[in-house]
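Quick note, the sequence shown lines up with residues 46 to 497 if you use the working numbering.
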Amino acid sequence: MTGSWKISLAPNARMQAMQRCFPHVDKELKRTGMTRYILWEAYRKEFPEGYQYSQFCFYYAQWKARVNPVMHLEHKFGDKLYVDFAGEKLSIIDKETGEVIPVEVFVSILGASQLTYVEAVLSQQKEDFISACENTLHYIGGVPAAIVPDNLKAAVTKSNRYEPKLNETFADFADHYGTTILPARAYRPRDKALVEGAVKIIYNRIYVPVKRAVYHSLGELNNAIRKELERHNSLLLKGRNYSRRLQFEEIERGTLAPLPVLRYEFKKQSHAKVMKNGHVSLGIDKHYYSVPYRFIGKHVKLLFSKSVVEIYFNYERIALHKRVNSPYNYTTDKDHMASTHRFMTDCTPDKFLEWATSIHEDVRLYILKTLERKQHPEQAYKSCLGILSFAKKAGNDRLAIACRRALGYGIYNYKTIQSILENNMDNYEESLFADELPMPSHDNIRGEDYYQ
Numbered sequence: 046m047t048g049s050w051k052i053s054l055a056p057n058a059r060m061q062a063m064q065r066c067f068p069h070v071d072k073e074l075k076r077t078g079m080t081r082y083i084l085w086e087a088y089r090k091e092f093p094e095g096y097q098y099s100q101f102c103f104y105y106a107q108w109k110a111r112v113n114p115v116m117h118l119e120h121k122f123g124d125k126l127y128v129d130f131a132g133e134k135l136s137i138i139d140k141e142t143g144e145v146i147p148v149e150v151f152v153s154i155l156g157a158s159q160l161t162y163v164e165a166v167l168s169q170q171k172e173d174f175i176s177a178c179e180n181t182l183h184y185i186g187g188v189p190a191a192i193v194p195d196n197l198k199a200a201v202t203k204s205n206r207y208e209p210k211l212n213e214t215f216a217d218f219a220d221h222y223g224t225t226i227l228p229a230r231a232y233r234p235r236d237k238a239l240v241e242g243a244v245k246i247i248y249n250r251i252y253v254p255v256k257r258a259v260y261h262s263l264g265e266l267n268n269a270i271r272k273e274l275e276r277h278n279s280l281l282l283k284g285r286n287y288s289r290r291l292q293f294e295e296i297e298r299g300t301l302a303p304l305p306v307l308r309y310e311f312k313k314q315s316h317a318k319v320m321k322n323g324h325v326s327l328g329i330d331k332h333y334y335s336v337p338y339r340f341i342g343k344h345v346k347l348l349f350s351k352s353v354v355e356i357y358f359n360y361e362r363i364a365l366h367k368r369v370n371s372p373y374n375y376t377t378d379k380d381h382m383a384s385t386h387r388f389m390t391d392c393t394p395d396k397f398l399e400w401a402t403s404i405h406e407d408v409r410l411y412i413l414k415t416l417e418r419k420q421h422p423e424q425a426y427k428s429c430l431g432i433l434s435f436a437k438k439a440g441n442d443r444l445a446i447a448c449r450r451a452l453g454y455g456i457y458n459y460k461t462i463q464s465i466l467e468n469n470m471d472n473y474e475e476s477l478f479a480d481e482l483p484m485p486s487h488d489n490i491r492g493e494d495y496y497q
């Protein structure tokens, strides 16, 4: 409220001077912490013979009702973004078939500055709805504290006066952008008056000029909409000396939270039962992902985007993986496995050979032969683990002798070493005559009586 006014004002001039202040008052009241009393004090400082506080508030309320009769709620900068679909559709024409394709029109408006965004989309489904909401945030260059949708199915799955149930994907989108969803209350027209008012305005300022041309794609239609939208946002507001765009750039842009680095990735969902090996299948890719072993046998939900797979049990995320397009293969997080399974996955032939070498060369040779003979790595690892564990039970020297004996028999498994040690065959004296040494018993050896 700057300028030069006479200190002594005639009644008519006194009223005019105060009313000239109201657009500035209306804009300043949208700042957090600003009050009518503070603005009245500033007014009286400049106009000592001006109206008292009660009269100032009375005439301001009259002015606001006349200038903006449907928008009685006070909106703070950076607070709410209202979103909805227009009732009337636009259309595009298929260039090849000539078919007229009706399209939905998404409208959003910031409560304080009234900066508006409009976009044509193919449907009101959640994919198109969330995409349009995201495009709005990038159009305004920031994130408001809350998004206020009407009770659209794409936003609210179950309406409730106190705690409406949000669509999970829309809630996930809001979480990604660090904002809150506050659905408009059913049968409360004031909750959505702002966006409904915006829809009525765009029918005249955007629909009328846009309908004068023919469009063959959403891209062409949205380019035309954007051109008219910029004109709309740049027009002076009724009864004010500033536009939506000017008010937004001057005050509201700085109150918005910053955009995240990455855009939101739309997620699809599926359900699966955790298999006995601690993995679940993402059917669309035929790929398997691990979950903590304690969830074996449980039914879980998978949320997946182009790059990630999230797994939930009772609304708790229990696993997060990068999505892999590799059919019939496994993605495993070692922390998800039971301790015994985790140990086996950490095993390698080199680790077993290194362990065996630290005991004796004969043990190393026997472990090498065992690894070579087993068809499946896990089977070989279990045999090697059992053989090497005898070093602790029987001692390194006895195990080395047992392995030397078993190398002579040409039998490479855990039970052979066990039999030698249990029968104290490692204590027999070395002999040049192998026939004098008894053969260790084994299930796969028929024995001398078989051929009698």
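Cβ atoms here follow ideal geometry from the backbone N, Cα and C, with glycine treated the same way. All values reported here derive from a predicted model rather than from experimental measurement.
Taking 8 Å as the cut-off, the Cβ atoms of residue 350 and residue 311 count as close.
Taken atom to atom, the span from the alpha-carbon of residue 309 to that of residue 171 is near 13 Å.
Under the Cβ criterion (8 Å, minimum of three pairs), the region 247-261 does not count as touching the region 121-130. Cα atoms of residue 358 and residue 345: separation of roughly 5 Å, rounded to the nearest angstrom. For residue 394, the enclosing alpha helix (DSSP H) has its first and last residue at 394-402. Per the coordinates, the alpha-carbon of residue 471 lies some 19 Å from the alpha-carbon of residue 402. A straight-line Cα-Cα distance of about 11 Å links residue 329 and residue 371.
Each residue's CA atom was taken as its position, placing residue 424 and residue 355 some 32 Å apart. Inclusion of residue 187 and residue 301 in the CB contact set at 8 Å is warranted, their separation being smaller than that value.
In the three-state reduction of the DSSP assignment, residue 146 falls in the strand class, which pools E and B. Annotation: the continuous alpha helix (DSSP H) that includes residue 176 extends over 171-185. Contact between the region 277-287 and the region 67-74 is present: three or more C-beta pairs spanning the two stretches fall below 8 Å. Counting along the chain, no alpha helix (DSSP H) covers residue 224, and no H or E run does either. Residue 88 sits close to residue 101, with the two beta carbons spaced by under 8 Å. Annotated three-state conformation of residue 61 is helix, per DSSP.
Nearest in C-alpha terms to residue 225, of all of 178, 261 and 246, is 178. 343 is the residue among 343, 314, 366 and 218 whose C-alpha sits nearest the C-alpha of residue 321. Nearest to residue 155 by C-alpha distance, out of 290, 453 and 468, is 290. For residue 349, the secondary structure class from DSSP, reduced to helix, strand or coil, is strand. Judged by pairs of C-beta atoms under 8 Å, the region 259-271 touches the region 133-153, as three or more such pairs exist. Judged by beta-carbon spacing, residue 376 lies within the 8 Å limit of residue 333, meaning their Cβ atoms are closer than that value. When the Cα atoms are used, residue 218 and residue 412 turn out to be separated by approximately 55 Å. About 45 Å separates the beta carbons of residue 109 and residue 261, which is beyond the 8 Å limit, so they are not a contact pair.
Secondary structure of residue 362 (DSSP, three-state): strand.
DSSP, read as helix, strand or coil, puts residue 161 in strand.
Pairing residue 315 with residue 304 gives a Cβ-Cβ distance that is not under 8 Å. Excluding its 5 nearest sequence neighbours in each direction, residue 182 has C-beta neighbours in its own chain below 7 Å: 188, 222 and 304, listed in chain order. In this chain, the alpha helix (DSSP H) harbouring residue 408 covers 406-418. Closest in alpha carbon position to residue 214, among 176, 240 and 242, is 176. Taking 8 Å as the cut-off, the beta carbon of residue 247 is found no closer than this to the beta carbon of residue 128.
Residue nearest to residue 369 within the set 335, 360, 341 and 428 is 335 (criterion: CA-CA distance). Under DSSP, residue 154 forms a beta bridge with 127 and 161.
In the DSSP assignment, residue 263 falls within the unbroken alpha helix (DSSP H) covering 263-279. Going by DSSP, residue 445 is part of no beta strand (DSSP E) but of the alpha helix (DSSP H) stretching over 441-454. Collapsing the DSSP output to three states places residue 214 in a helix. In terms of Cα proximity to residue 325, the closest of 415, 83, 365 and 437 is 365.
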